[in-house]
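Residues in the sequence shown are numbered consecutively from -3, following our numbering. Glycine included, every Cβ here is placed at the ideal spot set by N, Cα and C. Please read these numbers as outputs of a predicted model, since none were measured by experiment. Heads up, the thing below is written out as structure tokens.
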Amino acid sequence: LLDQLLNSQVLISVTVLALFARMLATSLTISSGGSAGLLVPSLVFGAMVANIFATLFGQPVVPLAAAAMAASLVTLVKVPISSLIFVSEAFGASYIFPAVVALIISSLLAYDNSIYRTQRDVARWQELAPGFSLRRVPVPPMFAGKTIRQLNIQQEYHVNVIGMVHPDENREIAPEPNLALAAGDELVIIGPNAAVHQFDQLARRDLAHYHNLN
-3 LLDQLLNSQV LISVTVLALF ARMLATSLTI SSGGSAGLLV PSLVFGAMVA NIFATLFGQP
57 VVPLAAAAMA ASLVTLVKVP ISSLIFVSEA FGASYIFPAV VALIISSLLA YDNSIYRTQR
117 DVARWQELAP GFSLRRVPVP PMFAGKTIRQ LNIQQEYHVN VIGMVHPDEN REIAPEPNLA
177 LAAGDELVII GPNAAVHQFD QLARRDLAHY HNLN
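As structure tokens, this is what we get:
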């Protein structure tokens, strides 16, 4: 597809439709929590835009594609140096200048935003199999200072603790049973949907009660 776009072998109507379809597909993927590769989609996006403008204004597509691909990479994936290296390797050093101009303009317009910033945190709840799910649950204040072993979470609540997320977003996989829980931490639990939901509701009720008292 990239070769066809760069050689103006794709009709502009097809390019426009494909461009909007790709934007819709990428938006749905990212907003639903998916994390597919964005490198090639970014390049194709830039090539599509370049192909449309080259056809409309009767200009050669390659110089526009070099600039558009660089702008697309730096805007969507935030890799400015890699964008310039790609342009140099794929198109040649003579296309660096338009790529730099496009890179600067797109960086100013996009600020620090990245497509990854819109990605939902589906790690808070995810169904792993029918009737079996994973969820991030705040540590209830009544659990603070106690260990997983002391709380006997598996037997009492029918869920398994497979991870822990600290307030600074540091993560622990399979935390030690003797590790004391702290307020502000989150437990990553898995289990039957009903048990996971019940544990989450218990944690949130206790957290709300604690905040009301303080």
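Go through its chain and collect everything with a Cβ distance to residue i's Cβ below 6 Å, but skip five positions before and after it.
i	result
A64	G42, V45 and A46
V12	none
Taking residue i and residue j to be in contact with their CB atoms under 8 Å, please state how far apart those CB atoms are, rounded to whole angstroms.
i	j	result
V97	Y91	That belief does not hold up - the Cβ atoms of V97 and Y91 are roughly 11 Å apart, past 8 Å.
F103	P76	The sequence shown places Ser at residue 103, not Phe. Yes, they are in contact, since the Cβ atoms of S103 and P76 sit about 7 Å apart, within 8 Å.
I185	N156	7 Å
Pull the bridge partners of residue i from the DSSP assignment, please.
i	result
V157	I185
I169	G159
T51	According to DSSP, which records beta bridges pairwise, T51 is partnered with nothing at all.
T143	A176
V75	Its beta-bridge partners do not exist; DSSP assigns none.
Do you know how far the Cα of residue j is from the Cα of residue i?
i	j	result
A179	H154	22 Å
D117	P56	For D117, the pLDDT reaches just 46, beneath the cut-off of 50, and the residue's location in the model is therefore unreliable, leaving the point undetermined.
Q197	R167	23 Å
A190	I149	15 Å
H205	H162	21 Å
I158	F16	40 Å
H193	L20	32 Å
CB-CB under 7 Å to residue i, same chain, minus the five flanking residues each way: which ones, in chain order?
i	result
P188	G127, F128 and H154
A119	Low local confidence applies: a pLDDT of 47 at A119 is under 50, so the model's placement there is unreliable, with the coordinate-based value given in what follows. Result list for A119: R132, in chain order.
A66	S79, L80, V83, A95, A98 and L99
D202	P136, P137 and M138
A140	L177, A178 and A179
L183	V133, V135, V157 and M160
Within a Cβ cutoff of 8 Å, which residues of the same chain sit near residue i, ignoring the five residues on either side of it in sequence?
i	result
G59	One point to set straight first is that residue 59 is Pro, not Gly, in the sequence displayed. So the qualifying residues of the chain are Y91 and P94.
G88	none
L35	L69 and V73
Can you find a heavy atom of the ligand NAP that lies under 7 Å from the Cβ of residue i?
i	result
D202	This structure simply doesn't include the ligand NAP, nor any ligand for that matter.
Would you say the segment 47 to 58 touches the segment 69 to 77, given that touching needs at least three Cβ pairs under 8 Å?
no
On the three-pair Cβ rule with 8 Å, is the segment 170 to 184 touching the segment 140 to 151?
Between the segment 170 to 184 and the segment 140 to 151, the count of Cβ pairs shorter than 8 Å is three or higher; the stretches touch.
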